[in-house]
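Asker: With the numbering used here applied, the sequence shown covers -9 to 191. The beta carbon of each residue, even a glycine, is placed where N, CA and C say it ideally should be. Computed from a prediction, not measured in an experiment: that's the story for all the values here.
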Amino acid sequence: MTPPPTNESVVFCNNRGCTVWKSRGIQLKRCQGCKIKRYCRWADRNRTPCYNGLLAALDLPNRPQAQQETLLMVELGYSPGAQHLSDRFSTTKVMVTRWQKLEESEDAWIRQNLAKLAIKRAQLEAEVMSLPQWIVYGVGIVVLIVHFADPTARAGYMFLDLPYRIQNLDLLSRPVFSRTGWPYELMEELDGTGKGRRHVS
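#1: Pull up the distance between the alpha-carbon of glutamine 157 and that of asparagine 103, whole angstroms please.
#2: For a minimum of 4 consecutive residues, which ranges assigned as the alpha helix (DSSP H) are wholly contained in the segment 45 to 120?
#3: Cutting at 8 angstroms between CB atoms, please list the residues of its own chain near valine 126, excluding the five before and the five after it.
#4: Is the number of C-beta pairs between the segment 42 to 54 and the segment 105 to 124 that are closer than 8 angstroms three or more?
#5: Consult DSSP for arginine 155 and reduce its assignment to one of helix, strand or coil.
#6: Is DSSP giving cysteine 21 helix, strand or coil here?
#7: Answer with buried or exposed for tryptophan 172, where buried requires no fewer than 16 other C-beta atoms within 10 angstroms of its C-beta.
#8: Terminal residues of the continuous alpha helix (DSSP H) containing tryptophan 172?
#9: Return the bridge partner residues of valine 126 from the DSSP annotation.
#10: According to DSSP, leucine 150 sits in a beta bridge with which residue or residues?
#11: Thinking C-beta only, is aspartate 151 closer than 7 angstroms to isoleucine 131?
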């Protein structure tokens, strides 16, 4: 994954954290937010399953304060030729990774931006921890990456971070996803149904 070239169009969405790079040769419908139809709406519509996936990925009852060391990454593929708009986005990968691993990446863009995001997460957590501790556990992050490509253009992506205020009551509730099968369950939930075998790591 590389940052967009300086001669490409970068659009900043009204939704915090959303940056869109439009590759040459790709015609995409526009919305009032990020000007790229359905991307941000997909994130808004799927905030709840992403949160449930984050809780499963962090496994906080067995790994206290894991949100300080770990984040959940969700990758989507974009198929502009799909007949239905709802089929144009499909979950291609979910990955649990450590902040430190990303901050040590050989990719300078990843190092720089993930380091900023780690600082942002810590700042948000410091803010919410001023609330009674029986209410808030901390702040976790889901990073959403949308890949869209065209045979005649360079690949592009949208990078969107979704911060979540983790509620203590949610940790006491029955988990939505199972402890071992949550990656596949999350992908099926995000896609609305199972769409075959995908990459989970």
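Answerer: According to the structure shown:
#1: The sequence position of residue 157 within the sequence shown is 167, counting from 1. The sequence position of residue 103 within the sequence shown is 113, counting from 1. Answer to the nearest angstrom: the Cα atoms are 27 angstroms apart.
#2: 89 to 93, 98 to 118
#3: The residue you call residue 126 lines up with position 136 of the sequence shown. Here the set comprises Val118, Met119, Arg155, Ile156, Gln157, Asn158.
#4: Short answer: they don't touch.
#5: For the purposes of this step, residue 155 is taken as the residue at position 165 of the sequence shown. Looking at arginine 155 - three-state DSSP - the assignment turns out to be strand.
#6: Position 31 of the sequence shown, counting from 1, holds the residue named residue 21. Unreliable placement is indicated for cysteine 21, whose pLDDT of 49 sits below 50; no coordinate value is reported for it.
#7: Residue numbering aside, residue 172 sits at position 182 when the sequence shown is read from its first letter. The residue in question, tryptophan 172, is buried, as its Cβ has 16 or more Cβ neighbours within 10 Å.
#8: For the purposes of this step, residue 172 is taken as residue 182 along the sequence shown, with counting starting at 1. Run containing tryptophan 172: 172 to 181, per the alpha helix (DSSP H) assignment.
#9: Position 136 of the sequence shown, counted from the start, is the residue given in the question as residue 126. For valine 126, the beta-bridge partners assigned by DSSP are Gln157.
#10: Taking the sequence shown and counting its residues from 1, one reaches residue 150 at position 160. Paired residues: Leu134.
#11: Counting from one through the sequence shown, the residue named residue 131 turns up at place 141. Counting from one through the sequence shown, the residue named residue 151 turns up at place 161. Their beta carbons are under 7 angstroms apart, which means isoleucine 131 touches aspartate 151 by this criterion.
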